[in-house]
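J.:
Right, dumping it as structure tokens:
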């Protein structure tokens, strides 16, 4: 039976909404190794974290090569800044903050235009078209017959259907407004905790939650639309 | 706040999946989902999205020559410490 309520610490499953990142203790060991000048530890860290960093950077910049430059510049900044790293927020949070600053700077340079303030940006408003719900009693604000969610994945066992769904999901992800996309990439694709995402993107917990909520609702809607349009996922 | 209508459920889905829902609301949600297959489908679809997002995107490595260059820089830098 799925659980929906607030998790009590004793029974909380770590990383229930994504695999746990490197724990604090592990991160402290890593920092100590880096400060000692442990080359193997540094190399291992670069190899392990760079794939996620490349995907995150790619949400801000135009090309694959740009993303590689961003990740390389981030690691250079990490090397330079290591002595001053205090470690309050954790190594990964620190590295990803540098990454996001570098990627966003480069992204706005590449865009060459002033970025317009985002329209759909973490403010309220319904995430599902209100027209899909009844407006008369007794079932006011319940789904209408035509408005109820349409199924999209009839056969999750079928590898082709699964691959198609993943492709659609990737397309939908690229269409999200930038801040929503960043939050959902960090949280759901890369598995950072909500605390880490707040620290990395300078968001309040409430803001992070709203962006995540809107992003997930929009992705669901996109997949539903694609299935309805004969996308067949 | 009460969690009664379907329109409330769709806005509570993130808190439900994050397990940050107030216990009273969580109970109301569970009750609603037991009775309402449409909302159960909606929640399942959002869960499906979250599960399939994990690790989405092609595996992508920093090219070995860049890793080598970085490791060299690390070596030089720590040598000066």
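Protein chains in written order, with our numbering: chain A, 48 to 280; chain B, 2 to 82.
The C-beta atom is built at its ideal place from N, Cα and C for all residues, glycine as well.
Given the structure is predicted, the values throughout are model-derived calculations rather than measurements.
So who's on the other strand from residue 180(A), going by DSSP bridges?
T.: By one-based count along the first chain, residue 180(A) stands at place 133. Answer is 190(A).
J.: Would you say residue 76(A) and residue 143(A) are within 9 angstroms of each other, going by their C-beta atoms?
T.: Start at 1 with the first residue of the first chain, and residue 76(A) comes out as number 29. Start at 1 with the first residue of the first chain, and residue 143(A) comes out as number 96. Taking 9 angstroms as the Cβ cut-off, residue 76(A) and residue 143(A) do not qualify as a contacting pair.
J.: What ranges does the beta strand (DSSP E) occupy inside the segment 69-150 of chain A, keeping only unbroken runs of at least 3 residues that lie completely in it?
T.: Listed in chain order, there is nothing to give.
J.: Do the segment 262-272 of chain A and the segment 48-59 of chain B meet, that is, are 3 or more Cβ pairs less than 8 angstroms apart?
T.: The segment 262-272 of chain A, when compared against the segment 48-59 of chain B, does touch it at the 8 angstroms Cβ threshold.
J.: On the three-state DSSP scale, how would you describe residue 52(A)?
T.: By one-based count along the first chain, residue 52(A) stands at place 5. Strand at residue 52(A).
J.: Would you mind stating whether residue 198(A) and residue 274(A) have Cβ atoms separated by less than 9 angstroms?
T.: Position 151 of the first chain, counted from the start, is the residue given in the question as residue 198(A). Position 227 of the first chain, counted from the start, is the residue given in the question as residue 274(A). For residue 198(A) and residue 274(A), yes; Cβs fall inside 9 angstroms.
J.: Take the Cβ of residue 227(A) as the centre, count every other Cβ of all protein chains shown within 10 Å, and call the residue buried at 16 or more, exposed below.
T.: As a working mapping, residue 227(A) is identified with position 180 in the first chain. With 16 or more other Cβ atoms within 10 Å, it is buried.
J.: Could you tell me whether the Cβ of residue 127(A) comes closer than 9 angstroms to any Cβ of chain B?
T.: Translated into positions along the first chain, residue 127(A) becomes position 80. For residue 127(A), the answer is yes, since a Cβ of chain B falls inside 9 angstroms of its Cβ.
J.: Keeping to the same chain, check which residues put their C-beta closer than 8 angstroms to that of residue 151(A); ignore five residues upstream and five downstream.
T.: Your numbering for residue 151(A) matches position 104 in the first chain. Here the set comprises 107.
J.: Would you call residue 139(A) buried or exposed, if buried means 16 or more other Cβ atoms sit within 10 Å of its Cβ?
T.: The residue labelled residue 139(A) in the question sits at position 92 within the first chain. Residue 139(A) should be labelled buried.
J.: Does any residue of chain A bring its CB to less than 9 angstroms from the CB of residue 3(B)?
T.: By 1-based counting over the second chain, the position of residue 3(B) is 2. No - not a single Cβ of chain A is within 9 angstroms of the one on residue 3(B).
J.: Give the interface partners of residue 195(A) over in chain B, defined as CB-CB distance under 7 angstroms, in chain order.
T.: For the purposes of this step, residue 195(A) is identified with residue 148 of the first chain, where counting begins at 1. Those are 39, listed as they occur along chain B.
J.: Nearest to residue 122(A) by CA position, among 189(A), 51(A), 149(A), 135(A), is which residue?
T.: For the purposes of this step, residue 122(A) is taken as the residue at position 75 of the first chain. Looking at the Cα atoms, 149(A) is the closest of the given residues.
J.: Give a yes or no on whether 9 angstroms exceeds the smallest Cβ distance from residue 138(A) to chain B.
T.: What you label residue 138(A) is simply residue 91 of the first chain in a count that begins at 1. Chain B, which has no Cβ nearer than 9 angstroms to the Cβ of residue 138(A), makes this no.
J.: Alpha carbon to alpha carbon, how far is residue 280(A) from residue 131(A)?
T.: For the purposes of this step, residue 280(A) is identified with residue 233 of the first chain, where counting begins at 1. For the purposes of this step, residue 131(A) is identified with residue 84 of the first chain, where counting begins at 1. Here residue 280(A) scores only 44 on pLDDT, less than 50, and its place in the model should not be relied on; the value that follows carries that caveat. Their backbone Cα atoms lie some 49 angstroms apart in a straight line.
J.: By the criterion of Cβ-Cβ separation under 7 angstroms, what are the contact partners of residue 53(B) in chain A?
T.: Looking up residue 53(B) in the second chain gives position 52. Those are 212, 213, 216, listed as they occur along chain A.
J.: Measuring only from the beta carbon, is residue 262(A) closer than 8 angstroms to any heavy atom that is part of the ligand MN?
T.: This structure does not include the ligand MN; it has no bound ligands of any sort.
J.: Could you pull the DSSP bridge partners for residue 22(B) from this structure?
T.: Counting from one through the second chain, the residue named residue 22(B) turns up at place 21. Bridge partners of residue 22(B): 52(A).
J.: Indicate the three-state DSSP secondary structure (helix, strand or coil) for residue 72(B) in the structure shown.
T.: In the second chain, residue 72(B) corresponds to position 71, counting from 1. Residue state, collapsed to three classes: helix.
J.: I'd like the span of the alpha helix (DSSP H) that includes residue 5(B), first residue to last.
T.: Numbered from 1 along the second chain, position 4 holds the residue referred to as residue 5(B). Per DSSP, residue 5(B) belongs to no alpha helix (DSSP H) and is neither H nor E.
J.: Assign residue 259(A) to one of two classes, buried (16 or more other C-beta atoms within 10 Å of its C-beta) or exposed (fewer than that).
T.: Counting from one through the first chain, the residue named residue 259(A) turns up at place 212. Residue 259(A) is buried by the Cβ-count criterion.
J.: Tell me the rounded alpha-carbon separation between residue 173(A) and residue 12(B).
T.: Indexing the first chain from 1 puts residue 173(A) at position 126. Indexing the second chain from 1 puts residue 12(B) at position 11. Distance between the alpha carbons of residue 173(A) and residue 12(B): 7 angstroms.
J.: Answer yes or no: do residue 180(A) and residue 72(B) have a C-beta to C-beta separation smaller than 9 angstroms?
T.: In the first chain, counting from the first residue as 1, residue 180(A) sits at position 133. In the second chain, counting from the first residue as 1, residue 72(B) sits at position 71. No, the pair does not count as a contact, with Cβ atoms beyond the cut-off.
J.: Quick one: which chain B residues come within Cβ less than 7 angstroms of residue 174(A)?
T.: Here residue 174(A) refers to the residue found at position 127 when the first chain is read from its first residue. Near residue 174(A) (Cβ distances below 7 angstroms), the residues of chain B are 11, 12.
J.: On the criterion of 16 or more Cβ atoms from any shown chain inside 10 Å, does residue 110(A) qualify as buried, or is it exposed?
T.: As a working mapping, residue 110(A) is identified with position 63 in the first chain. So residue 110(A) ends up on the exposed side.
J.: Under 8 angstroms between beta-carbons, which chain B residues line up against residue 94(A)? List them in chain order, please.
T.: Locating residue 94(A) in the first chain gives position 47, counting from the first residue. Going along chain B in sequence order, the residues near residue 94(A) (Cβ under 8 angstroms) are 62, 63, 68.
J.: Alpha carbon to alpha carbon, what distance is there between residue 248(A) and residue 128(A)?
T.: Translated into the one-based positions of the first chain, residue 128(A) becomes position 81. Translated into the one-based positions of the first chain, residue 248(A) becomes position 201. Answer to the nearest angstrom: the Cα atoms are 19 angstroms apart.
J.: List the residues of chain D that residue 190(A) touches, going by C-beta distances under 7 angstroms, in chain order.
T.: Here the protein chains are A and B, and chain D is not one of them.
J.: Keeping to the same chain, check which residues put their C-beta closer than 7 angstroms to that of residue 82(A); ignore five residues upstream and five downstream.
T.: Along the first chain, read from residue 1 onward, the residue named residue 82(A) stands at position 35. Excluding sequence neighbours, residue 82(A) sits near 129.
J.: Mind pulling the chain B residues with CB within less than 7 angstroms of residue 102(A)?
T.: Here the question's residue 102(A) lines up with position 55 in the first chain. Ordered by position in chain B, the residues that pass the 7 angstroms Cβ test against residue 102(A) are 58, 61.
J.: Is residue 256(A) near residue 9(B), with beta carbons less than 9 angstroms apart?
T.: For this step, residue 256(A) is matched to residue 209 along the first chain. For this step, residue 9(B) is matched to residue 8 along the second chain. No, Cβ-Cβ distance for residue 256(A) and residue 9(B) is not below 9 angstroms.
J.: List, in order along the chain, the chain B residues whose C-beta lies closer than 7 angstroms to that of residue 255(A)?
T.: Along the first chain, read from residue 1 onward, the residue named residue 255(A) stands at position 208. Simply none; closest approach about 10 angstroms.
J.: Please list the partners that residue 120(A) has in chain B, where partner means a Cβ-to-Cβ separation under 7 angstroms.
T.: In the first chain, counting from the first residue as 1, residue 120(A) sits at position 73. Those do not exist, as residue 120(A) stays about 10 angstroms from chain B at its closest Cβ, beyond 7 angstroms.
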